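Undergrad: With the first letter of the sequence shown counted as 1, position 58 gets the number 1232 in the numbering used here; the numbers rise by one all the way through.
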Amino acid sequence: MFEVSKYEPSYIPDFADRDNEIERLGPCKTPRRVKAVLPLLEKLIWRHGKCKYRLLRDMSCPSKVQLVENDMDGTLILDMMSENMSQLRSQTSLKLNSFDSEGKTISAFGLTQVQQAAKSKPRFVDFASGYSEVYKYVIWVTNAVIPKSFWGTRANFRLVCQHIKKFIV
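Right, dumping it as structure tokens:
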């Protein structure tokens, strides 16, 4: 396949682009074990092209965002969904302090209007889908895209579903 000189320090071939190697080998016969799988792969590719991923997503993971009559600007939505980021500080912020006539600091105990607005903003976590919704979506996509004959038996499909669930959870 590839030649490694004993004088080169640990050469590891790159198999990411094998076009040159395939060209060099020329045409060859498709193995019998691969020929049986080709119709399944063609069907899988066709089903992938026809699958309505967005519809499946909307059915399994409904949006938590309240829709309004008019479309919002993307930046407005991002601003609405942004979390109040905490920053590490070694000293107290002067923005929250007031000074009396003698120059002593008076700390604000109540929330300012800006802080109240930041608290009322929804956080990204509020819009997240639960793992059960994600699992349902993945299973629906798997059923929609991968042909049943690909699994061989129902037990194989159930085994893959168990591993998908472990991966998601």
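Glycine is no exception: its CB is placed at the ideal position from the N, C-alpha and C atoms.
Owing to the predicted nature of the structure, the values given are computational and were not obtained by experimental measurement.
Just how far apart, CA to CA, sit residue 1260 and residue 1298?
TA: Counting from one through the sequence shown, the residue named residue 1260 turns up at place 86. Counting from one through the sequence shown, the residue named residue 1298 turns up at place 124. Confidence is the limiting factor: at residue 1260 the pLDDT is only 48, short of 50, which leaves the residue's position unreliable and the question unanswerable from this model.
Undergrad: Should the segment 1211-1227 be regarded as contacting the segment 1314-1323, the criterion being three or more beta carbon pairs within less than 8 angstroms?
TA: The answer is yes - the segment 1314-1323 touches the segment 1211-1227, with three or more Cβ pairs under 8 angstroms.
Undergrad: Exposed or buried, which one is residue 1230 when buried takes at least 16 other CB atoms within 10 Å?
TA: To locate residue 1230, count along the sequence shown from 1; it is residue 56. Classification of residue 1230: buried, given that the 10 Å Cβ count is 16 or more.
Undergrad: Please state if the CB of residue 1311 and the CB of residue 1396 are separated by a distance shorter than 8 angstroms.
TA: Here the chain has residues from 1175 to 1343 only, and residue 1396 is not among them.
Undergrad: Following the continuous alpha helix (DSSP H) through residue 1335, name the residue where it begins and the one where it ends.
TA: Locating residue 1335 in the sequence shown gives position 161, where the first residue counts as 1. Element bounds for residue 1335: 1328-1342.
Undergrad: What is the residue span of the alpha helix (DSSP H) that residue 1310 lies within?
TA: By 1-based counting over the sequence shown, the position of residue 1310 is 136. Taken as a continuous stretch (DSSP letters only), the alpha helix (DSSP H) holding residue 1310 covers 1305-1319.
Undergrad: Assign residue 1117 to one of three DSSP states: helix, strand, or coil.
TA: Since the first and last residues shown for the chain are 1175 and 1343, residue 1117 lies out of range.
Undergrad: Are the Cβ atoms of residue 1334 and residue 1221 separated by less than 8 angstroms?
TA: Within the sequence shown, numbered from 1, the residue matching residue 1334 stands at position 160. Within the sequence shown, numbered from 1, the residue matching residue 1221 stands at position 47. For residue 1334 and residue 1221, no; Cβs fall outside 8 angstroms.
Undergrad: Whole angstroms is fine: what's the gap from residue 1416's alpha carbon to residue 1237's?
TA: For residue 1416 there is no data in the structure shown, the boundaries of the chain being 1175 and 1343.
Undergrad: Have a look at 1203, 1330, 1200 and 1342 and flag the residue whose alpha-carbon is nearest the alpha-carbon of residue 1309.
TA: On the sequence shown, position 135 is the one that residue 1309 refers to. Closest option to residue 1309, Cα to Cα, is 1342.
Undergrad: Where does the unbroken alpha helix (DSSP H) through residue 1322 begin, and where does it stop?
TA: Here residue 1322 refers to the residue found at position 148 when the sequence shown is read from its first residue. Per DSSP, residue 1322 belongs to the alpha helix (DSSP H) from 1322-1325.
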